[in-house]
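Take 822 as the starting number for the sequence shown in this note's numbering and just add one per residue.
Beta carbons are placed, not taken as given, at the ideal position from N, Cα and C, and that holds for glycine.
All remarks here apply to the structure that follows.
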Amino acid sequence: MMSTRRLQRDLLRAVRKDAGHRELHILHKQVGSTLRKLEKFGGKRLHMTNTKEQKPMSFGAWLSQRIPKGFERFYPKGAKGTSSKPSANKEIPKGSSGGPSGKKPPPPGGDASDSLKYTIPIALALLLFLEVSSSEHLKEVNWQEFRNHFLAQGKVDHIVVVNKSYAKVYLHPSKGTSAPAMTSGMQSYDHDESHATEHQTESPVPQQGTPQASFYFNIGSIESFERHMEHTQASLGIAAQDFIPIQYANEMNWKMELLKMAPTLLLIGFLMMSMRGIGGAGGGGGMGGIFKVGKSPAKKITKEDIKITFKDVAGVDEAKKEIMEFVEFLKNQKKFTDLGAKIPKGALLVGPPGTGKTMLAKATAGEASVPFFSISGSDFIEMFVGVGPSRVRDLFKEARANAPCIVFIDEIDAVARARSNGKFGGGNDERENTLNQLLVEMDGFNSSEGVVVLAGTNRADILDKAILRPGRFDRQITVDKPDIKGRRAIFTVHLKSLHLDGTVEDFARRMAALTPGFSGADIANICNEAAIVAARRNGDSITFKDFEQATDRVIGGLETNRLMSPEEKKTVAYHEAGHAVAGWFLEHADPLLKVTIVPRGKGSLGYAQYLPKEVSLHSKEAIEDIMCMALGGRASEYVNFNGRITTGASDDLRRVTDMAYSMVQLYGMNDRIGQLSFPKDDNGGYPDRKYSEKTAEAMDEEAKKIVDKMYARTIALLKENQDALHKLSEELLENETINHGDIVRVLGPRPFGGNKTYTEFVEESWANADQHEKKKQEAKEAEIKQVIDALDVEEDEKSK
822 MMSTRRLQRD LLRAVRKDAG HRELHILHKQ VGSTLRKLEK FGGKRLHMTN TKEQKPMSFG
882 AWLSQRIPKG FERFYPKGAK GTSSKPSANK EIPKGSSGGP SGKKPPPPGG DASDSLKYTI
942 PIALALLLFL EVSSSEHLKE VNWQEFRNHF LAQGKVDHIV VVNKSYAKVY LHPSKGTSAP
1002 AMTSGMQSYD HDESHATEHQ TESPVPQQGT PQASFYFNIG SIESFERHME HTQASLGIAA
1062 QDFIPIQYAN EMNWKMELLK MAPTLLLIGF LMMSMRGIGG AGGGGGMGGI FKVGKSPAKK
1122 ITKEDIKITF KDVAGVDEAK KEIMEFVEFL KNQKKFTDLG AKIPKGALLV GPPGTGKTML
1182 AKATAGEASV PFFSISGSDF IEMFVGVGPS RVRDLFKEAR ANAPCIVFID EIDAVARARS
1242 NGKFGGGNDE RENTLNQLLV EMDGFNSSEG VVVLAGTNRA DILDKAILRP GRFDRQITVD
1302 KPDIKGRRAI FTVHLKSLHL DGTVEDFARR MAALTPGFSG ADIANICNEA AIVAARRNGD
1362 SITFKDFEQA TDRVIGGLET NRLMSPEEKK TVAYHEAGHA VAGWFLEHAD PLLKVTIVPR
1422 GKGSLGYAQY LPKEVSLHSK EAIEDIMCMA LGGRASEYVN FNGRITTGAS DDLRRVTDMA
1482 YSMVQLYGMN DRIGQLSFPK DDNGGYPDRK YSEKTAEAMD EEAKKIVDKM YARTIALLKE
1542 NQDALHKLSE ELLENETINH GDIVRVLGPR PFGGNKTYTE FVEESWANAD QHEKKKQEAK
1602 EAEIKQVIDA LDVEEDEKSK
């Protein structure tokens, strides 16, 4: 192995031609220290890849294999040299990596860490070589020193101006102050550091008669430098023909050039390392990762990845039945193909947010014994042009390779929105290209059997008509908000994991009655909030009261400690009582569930909760009754406070206005406007108004007439039942919250019988709840009585 001392001596021979004793001594130390650090940092062995075998070699041996440019004269025996050590010529056995551990050789090129480990020492060695070879170790002098000590004494042979920036001073050999000339006899060492022979070699330094550049000084500009030289030489009495010759030269300073290029090289290196990281993350290595942007990000899901089954899905029995049929299609295809039936290409799950569309898809993945691919509609949209169609092609290519399988696209409206009609022109829409590719893949020349596409959206009205046709999405499955029976089934699923103060059935029935219009996600949130409320009070189990507080928090917001004056509290009580009384004595109004005047975080000072009738058709009389119930709060303030009204009815008035205009503009329930309908667009406006200003004015007048008529009717109804209104208001002021049973006790039975669902669930659930509370109270009283009896017995024994 060639030692650092060997390389150190070789480098010194290359620089002795211009360096003095002092400079040689300093350079000797610098080179030795730097090379020792390099050998320590880079390791004692560098792996050089060979086509036949892989041999380890030291850093010095690697340098000896490749002679640096300008160092050929110092290696008279060639690059390999000779070695007297017998171990130097030993052959490494085949199949061995050359290391002591016998590990397998690294793959060609190595990994990133190996490349970095070897690149840094080589780069440092290159910088050191450029520093040593390009530096002439000239001493800098100023103009006065140059004039007085060299020019005036006739020591200057000639001057070379380099790169128009500084001047090198070459002195006469006989008059200069440079170091003594070296002898021609030098030592030459062969490659075995234990043997050294001394012989005569050609001197690498200039001979005695050659002028040497020993000093330099900076110049301002060439014109001023020449003027100063002429003036100075003339003042020194030097004849014009004896003026010092001035030459001009351009030299390349490699160190400065590398420093100029360093930012660019660092940026390129950083980009290459980043690309390597991106490619490595994608499994491709190198810069291939950036070209994988068109690959589909769909996840292949197996049964083991999903813990949800159809047993965990409740409240959407019809939709679940349809989805289970698709799974049956894929599991038992022969059952249907024997009858000539074809497997449907796809199904679109449509419904409001939180109703369980994605959960149905998860259950399908958990139940299906075929591959399941899941992707979001927004995953097709990317900043690069053409990525969307490419990802669609890649998705269906993978799906066809795994057929039969199911592909689920969540929120498909992000990519399948209806295409523009071209009225406004414009550039190329990437989303439309993605949609076109999706249409072709689902039912085109390249489509194939065995790939079923499921998709979910809550905006089916904005989807393109081409994707909704049979052959693409053969079925549209509506996943709507559950009714009271569906809510009971959903509560049953979520309550099984909770520690309840009672049976799951009792809680499910009562909470189903308390949550009209709630979706499955809302119900799951209420169950979680109830558990949090119970934990906050350090309870051992979750009670009905915890669920009621959780429901109030979800509907009205967090209960606040807002200070209300007695007058404000009385106004709110009469306002909410007006809603309750108006709805109680109107046939088509929604049944009342609960009334409260507790301030909530959403800005409400109270609210009334109703159970909407689950019907699809509403008559004119039903809409008018609902309007009267909404106006009950404002009418109650007007009747009980001598015409003084407040801003508490602003939301009620907005709802009433919408219903009045809907009767006139949409439903054709006005005699003056007639059987005409002017529907609004998705944003609530009228983009193509098909009526005149006169008709619009008539609509405004008719809507106002309807509202005025309903307001007068509500005032008359409250005056007729003013005693009931006062009683209910006093009950609210006393208890702040009243439920269905309290309303029945104060107002009496409702004149109009409720629907069967309402009677079956609401009244029975409250009866069960009252019975449960009664049993708990009886048990508590019995426990207290038992303790008292035990104390009495103890006192009797003490008295005896």
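Within this structure, are the beta carbons of V1134 and A1281 separated by less than 8 Å?
Taking 8 Å as the Cβ cut-off, V1134 and A1281 do not qualify as a contacting pair.
Between the beta-carbon of L1181 and the beta-carbon of A1140, is there less than 8 Å?
Yes, Cβ-Cβ distance for L1181 and A1140 is below 8 Å.
Starting from V977, follow its DSSP beta bridges and name the residues at the other end.
According to DSSP, V977 bridges with L992.
Within 10 angstroms of its Cβ, does E1143 collect 16 or more other Cβ (buried), or is it exposed?
Buried, since its Cβ has 16 or more Cβ neighbours within 10 Å.
Going by beta carbon distance, what residues of the same chain come within less than 6 Å of S1117, once the five residues before and after it are set aside?
Here the set comprises R1212, D1215, L1216.
Per DSSP, which residues does I1298 bridge with? Please list them.
According to DSSP, which records beta bridges pairwise, I1298 is partnered with L1170.
From what residue to what residue does the alpha helix (DSSP H) around N1254 run?
First-last of the alpha helix (DSSP H) with N1254: 1251-1263.
Apart from the five residues on each side of it in sequence, which residues of its chain come closer than 6 Å, Cβ to Cβ, to I1233?
Result list for I1233: G1198, A1276, T1278, in chain order.
Could you check which residue in G1058, A1342, F1294, I1347 has the C-alpha nearest to that of L1335?
The shortest Cα separation from L1335 among G1058, A1342, F1294, I1347 belongs to I1347.
Rounded C-beta distance between L1256 and D1285? I'm assuming under 8 Å.
Correct: roughly 6 Å between the Cβ atoms.
Just verifying my parser: in three-state terms, what is the DSSP assignment at R1421?
In the structure shown, R1421 sits in a strand (DSSP, three-state: E or B).
Once DSSP output is grouped into helix, strand and coil, what is the label at I1637?
Here the chain covers residues 822 to 1621 and nothing more, so residue 1637 does not appear.
Considering only the alpha carbon of each residue, which of K1166, A1237, Q1370 lies closest to A1351?
Measuring from the Cα of A1351, the nearest candidate turns out to be Q1370.
Based on the DSSP secondary-structure assignment, which residues constitute the bridge partners of G1277?
Beta-bridge pairing links G1277 to L1170, D1231.
Out of curiosity, what's the CA-to-CA distance linking L1414 and E1203?
Cα to Cα, L1414 sits roughly 49 Å from E1203.
Could you tell me which of M1050, T1478, Y1459 sits nearest to Q1543, measuring between CA atoms?
The candidate whose alpha carbon is nearest that of Q1543 is Y1459.
If E1397 sits next to I1418, beta carbons under 8 Å apart, how far is it from one beta carbon to the other, in whole angstroms?
So it is a contact: roughly 6 Å between Cβ atoms.
Helix, strand or coil for Q1068? Go by DSSP, reduced to three states.
It is a strand residue.
Just reading off the alpha helix (DSSP H) that Q1062 is part of, what are its end residues?
It is not in any alpha helix (DSSP H) - Q1062 carries neither H nor E in the DSSP assignment.
Quick one: does N1560 have its CB under 8 Å from some CB of chain B?
No chain B is part of this structure, which consists of one protein chain only.
Which residue from K1391, E1615, D1617 puts its Cα closest to that of L1546?
When only C-alpha atoms are compared, the closest one is K1391.
Quick check: the Cα distance between P1337 and V1272, rounded to an integer number of angstroms?
About 39 Å.
Give a yes or no on contact between the segment 1323-1333 and the segment 1159-1171, applying the rule of three or more CB pairs nearer than 8 Å.
As far as the Cβ criterion goes, the segment 1323-1333 does not touch the segment 1159-1171, which means the pair count is below three.
Would you kindly work out how many angstroms separate the C-alpha atoms of Y1670 and E1380, rounded to a whole number?
Limits of the chain in this structure are 822 at one end and 1621 at the other, which puts residue 1670 out of reach.
Pull the bridge partners of Y1037 from the DSSP assignment, please.
BP columns for Y1037 point to E961, K989.
Using the three-state DSSP reduction, which class does E1618 fall into: helix, strand or coil?
DSSP places E1618 in helix when its eight states are reduced to three.
Where are the alpha helix (DSSP H) runs, 4 residues long or more, that stay fully inside the segment 1351-1405, in chain order?
Listed in chain order, they are 1365-1377, 1387-1405.
Would you call K1178 buried or exposed, if buried means 16 or more other Cβ atoms sit within 10 Å of its Cβ?
K1178 is buried by the Cβ-count criterion.
Tell me the DSSP secondary structure of Q1430 in three-state form.
Strand.
Taking all protein chains shown into account, do 16 or more other C-beta atoms lie within 10 angstroms of the C-beta of S1620, making it buried, or fewer, making it exposed?
Burial call: exposed.
Could you check how far apart the C-beta atoms of K960 and A1034 are, in whole angstroms? I think they sit under 8 Å.
Not really, about 10 Å apart at Cβ, beyond 8 Å.
Would you call T1364 buried or exposed, if buried means 16 or more other Cβ atoms sit within 10 Å of its Cβ?
So T1364 ends up on the buried side.
Taking only runs that begin and end inside the segment 1424-1497, name each unbroken beta strand (DSSP E) of 3 or more residues, in chain order.
Listed in chain order, they are 1428-1431.
By DSSP's criteria, T1558 is part of a beta bridge. Which residues make up the other side?
In the DSSP output, where bridge partners are listed per residue, T1558 has T1417.
Return the Cβ separation of F1038 and F967 in integer angstroms, given the expectation that the two are a contact with Cβ distance under 8 Å.
Their Cβ separation, rounded to whole angstroms, is 6 Å, which keeps F1038 and F967 in contact under 8 Å.
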